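Protein chains in written order, with the numbering used here: chain A, 45 to 497; chain B, 45 to 497.
There are 2 protein chains.
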Amino acid sequence: MSFNIPRTEKKRVVIVGGGFGGLKLAQKLKKADFQVVLVDKNNYHQFLPLIYQVASAGMEPTSISFPFRKIFHKRKNFYFRLAEVRAIFPERNMIQTSIGKVSYDYLVFAAGTTSNFFGNKNVEEYAIPMKTVSEAMGLRNALLSNFERAVTCADEEEMHELLNVVIVGGGASGVEIAGAISEMKRFAIPQDYPDMDKNLLHIYLIEAADRLLAGMSPESSENALEALTKMGVEVKLHSKVVDYCDHKVILESGEEIPTRSFIWVSGVSAVDIGNMDHSWLGRGRRIKVDEFNRIIGSDNLFAIGDQCLMTSDSNFPNGHPQMAQPAIQQGELLAQNLVRLDRGEPMEPFRYNDLGSMATIGRNRAVAEFANMKLHGWFAWLIWLVVHLRSLLGIRNKVLVLLNWTWNYITYDYSMRLIIYARRAKEIIEREIREANCHWGEDVLGPKKDDET
Amino acid sequence: MSFNIPRTEKKRVVIVGGGFGGLKLAQKLKKADFQVVLVDKNNYHQFLPLIYQVASAGMEPTSISFPFRKIFHKRKNFYFRLAEVRAIFPERNMIQTSIGKVSYDYLVFAAGTTSNFFGNKNVEEYAIPMKTVSEAMGLRNALLSNFERAVTCADEEEMHELLNVVIVGGGASGVEIAGAISEMKRFAIPQDYPDMDKNLLHIYLIEAADRLLAGMSPESSENALEALTKMGVEVKLHSKVVDYCDHKVILESGEEIPTRSFIWVSGVSAVDIGNMDHSWLGRGRRIKVDEFNRIIGSDNLFAIGDQCLMTSDSNFPNGHPQMAQPAIQQGELLAQNLVRLDRGEPMEPFRYNDLGSMATIGRNRAVAEFANMKLHGWFAWLIWLVVHLRSLLGIRNKVLVLLNWTWNYITYDYSMRLIIYARRAKEIIEREIREANCHWGEDVLGPKKDDET
């Protein structure tokens, strides 16, 4: 296997990851005189801000996913490759991936973050994360299966395990999924499970810090706490999860909460690329970059978005918040800077234009902050809807999501409560195992052979 | 685990399987004085006539799946249970399932059919069937992954394996999926894979008999063959698949077709329930029933739809065709007959009212037969659309499918080309393994204990 891309006289930009940052960069390089190669381990871009709606069975994965090949229809000098990066060899301007090697003139890391389990093996094995569409589907299947099992469960202890939902992490994802599951409990569960006592269903939101939504103002935190509490979510602040065993979440205080629906949205760590030089990494394993998103000490290596740590922006001395906007803005500027660099012109330093942040809590309820404005309640929710609808790629997805929201809003119904797994043929399972085993160490570049194209 | 259903003075009807037949029966028993228990291994009804569109990435699983709990909202004396039947104990009026035992007064088998691999282990392991939504998702993932791999494939032999699609079985499913993939080749592939030579993509449709659509008239068979051939599908009649090895489909003639996209829609066999008395079974492992759908020799055991074999209907001495209509009509009549039986009144014999059959071949093209009418081309396709849209459950699904079709029709685009797997937590994988191991032999009813409710 190889990348099978012709080497032309154009310089090659390889982008690792097609999230908000990588996608924007690839799009903005359209007119530039580069050959652009986008590498991602999925064949689609994921619109992560709505992922909690997929997890809570309110929306289909299709509505928030967009195939890369479709996004780049008719684009010249562009190549998409479905692959995972295993290793990087800066001295040879080459990366090793699951499908072979590829050389670059400019390399941009935009692989984002992955769930951080803080080294706890039990949590890593049993918790259900919510960072990708696949994980959201897995979470949905787990929740619904647990409800089904609860209906016929004769053992009281197991019943509590099946009906307690424990969400760890009080950031935007935690608040949003807690709100969505509480609405499921209020509207969908009584209709779907008339023989289940919905009062047995408890939703816990666990946060180590002293407030929810630590990235927003204390006012918004207070608003979110109040709203969730009213909606029946049991919020536990100052609570740190130290372990998970025998279907119980164990808190630092010694308290145990039985659950088989153990959702982990607490903290992230930047995606680690096999043999990456550890001196490159800063807090949260983010790659340290200068004001041009260039990896410190390198000429042609860059990192953008959640995966990078830029401390040169005076308003954000600890790095930018890990959300869509900084990634998009960095991708946009880097597209221009690569052109400048290539022409020998000076690059422009990045400054983040803070467009604000928001989190939805439930029906008619959100918190939002823009510049000096702090909004909450119905109006914030409406703004949340409009902003997210506008940012979705493609008319079809916009129409689907709008219809979906309208339908859910009017009917109080989440109708996508299907437990669906894709059946895999043996051929595919074997390939997956093979590919998982083929980590970079076993298949590194030979000392001299440059056989990639 | 148990069924956790109260025993009331009402007699209990247990329905095994919520396909077209079981669902119709459960719905029609609404006003009857029974307690109705529906057992299915999925939590949703599947509209199988459109499954090939899910497999060919033209439609989302949600659009053709409908959660049972939603269908039976507000229904009294109705219980849905997510479970698989392992064994039946007629002498004790009880069945054993994956979640426990349940007793019945009347038991109805409506579990349909499963793919028949005719005992070939290689075919069973490596072929991709298309009988369920999960399998259709698996097929879609496999096709798209193979195309992605083909783009970077340096080995010519492997390239052919990745780009040949071999469909075995020339019935309606085979014709429909062949047509859909050929349209994918024509419209979607050139746009999505500009660096792939689409002429390398070959679609083979293999049929053992001398014509396609054996259930329809020779005219329709001829029409389908002609249309598919024009669309570039390589149809091989009189060809029997005898094995699959080293990524090659092997025909009886000795011919080998290399492929990793090996689709199996050739023949079905009725679902087998663990310890079922083999003397009950007839051709295709279908359960032999009398004119009232009662299992021959029993009082309170019934079977309907694809799973049963009724030879008393004078127009269908070899049993009814295994498609939606006979199942629906049998479910409808059995609902009435159960009420009659319970009242001591004579039951009415079943006679199939043949509403015709059809198969779609592609854009603007289908074959359809009603009574003495034989249609093909654009008008048959329009009828196909209307009939299928009407039969879909729920307004939401109707709207979604109509929008989807309209969109695809206008844009020539299939936009759902996502390779998505649900990520499973260790907890779930372990449960699945546990449940798969717990076959009926290990957990049968004790000799005396009647602990089910």
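In this text, a Cβ means the ideal position worked out from N, Cα and C, and glycines have one as well. Computed from a prediction, not measured in an experiment: that's the story for all the values here.
Rounded to the nearest angstrom, the gap between the Cα atoms of R119 of chain A and N166 of chain B is 42 angstroms. Ranked by Cα distance from L207 of chain B, the first of B:N448, B:K72, B:Q366 and B:I225 is B:I225. The beta carbons of V219 of chain B and L272 of chain B sit about 7 angstroms from each other, so the pair counts as a contact at 8 angstroms.
The straight-line gap separating the alpha-carbon atoms of R407 of chain A and V285 of chain A is approximately 29 angstroms.
The three-state secondary structure of M103 of chain A, taken from DSSP, is coil.
For the options A:W422, A:P393, A:N319 and A:Y465, the alpha carbon positioned closest to that of Q140 of chain A is the one of A:N319. Residues of the stretch 47-60 of chain A with a C-beta atom less than 7 angstroms from some C-beta of chain B are F47 and N48, listed in chain order. With respect to chain B, the C-beta atom of L462 of chain A has a partner C-beta closer than 7 angstroms. As the crow flies, the alpha-carbon of P262 of chain B is around 31 angstroms from that of E168 of chain B.
Residue pairing for Q90 of chain B: DSSP places it in a beta bridge opposite B:S109.
Burial state of H322 of chain B is exposed, judged by a 10 Å Cβ sphere holding fewer than 16 other Cβ atoms. Runs of the alpha helix (DSSP H) spanning 4 or more residues and lying entirely within the stretch 395-437 of chain B occur at 422-435, in chain order. Residue environment for Y148 of chain B: buried (at least 16 other C-beta atoms within 10 angstroms of its C-beta). In the displayed model, R461 of chain B falls within coil according to three-state DSSP, outside both helix and strand. Within 8 angstroms of the CB of D236 of chain A, the CB atoms of chain B belong to P111, R113, K114 and H117, in sequence order along the chain.
Counting along the chain, W324 of chain B sits inside no beta strand (DSSP E), nor does DSSP assign it H or E at all.
Close partners of N362 of chain B in chain A (Cβ separation under 9 angstroms) are lacking, with about 31 angstroms as the shortest Cβ gap. The stretch 425-444 of chain A makes no contact with the stretch 421-441 of chain B: fewer than 3 CB pairs, one atom from each, lie closer than 8 angstroms. The DSSP-derived three-state label of T450 of chain A is helix.
Residue contact check for T106 of chain A against chain B: a CB pair falls below 7 angstroms.
Under DSSP, the beta-bridge partners assigned to C289 of chain A are A:K292. The beta carbons of R230 of chain A and A99 of chain A sit no closer together than 7 angstroms.
Assignment of G163 of chain A by DSSP, reduced to helix, strand and coil, places it in the coil class. Under the three-state reduction of DSSP output, R119 of chain B falls in the coil class, being neither helix nor strand.
Assignment of M138 of chain B by DSSP, reduced to helix, strand and coil, places it in the strand class. Here I95 of chain A is near A180 of chain A, since their CB atoms are less than 7 angstroms apart. Per DSSP, E192 of chain B lies in no beta strand (DSSP E) segment; the continuous alpha helix (DSSP H) that holds it begins and ends at V177 to V195.
Against chain A, a Cβ distance below 7 angstroms from E192 of chain B picks out N87 and L126.
Judged by beta-carbon spacing, S109 of chain A lies beyond the 7 angstroms limit of E128 of chain A, meaning their Cβ atoms are not closer than that value. Residue-level contact by beta carbon fails for T404 of chain A and chain B, as no gap is shorter than 7 angstroms. DSSP, reduced to helix, strand and coil, places I317 of chain A outside both helices and strands of the structure shown, so it counts as coil. Straight through space, the alpha carbons of I348 of chain A and R56 of chain A are spaced by roughly 18 angstroms.
DSSP places Q369 of chain B inside the alpha helix (DSSP H), whose first and last residues are A368 to R387. Beta bridge pairing from DSSP links Q71 of chain B with no other residue. Using a Cβ-Cβ distance cut-off of 8 angstroms, the stretch 324-341 of chain A and the stretch 357-376 of chain A are in contact, since at least three pairs of beta carbons, one from each stretch, lie closer than that value. Under DSSP, S305 of chain B takes part in a beta bridge, and its partners are B:V209.
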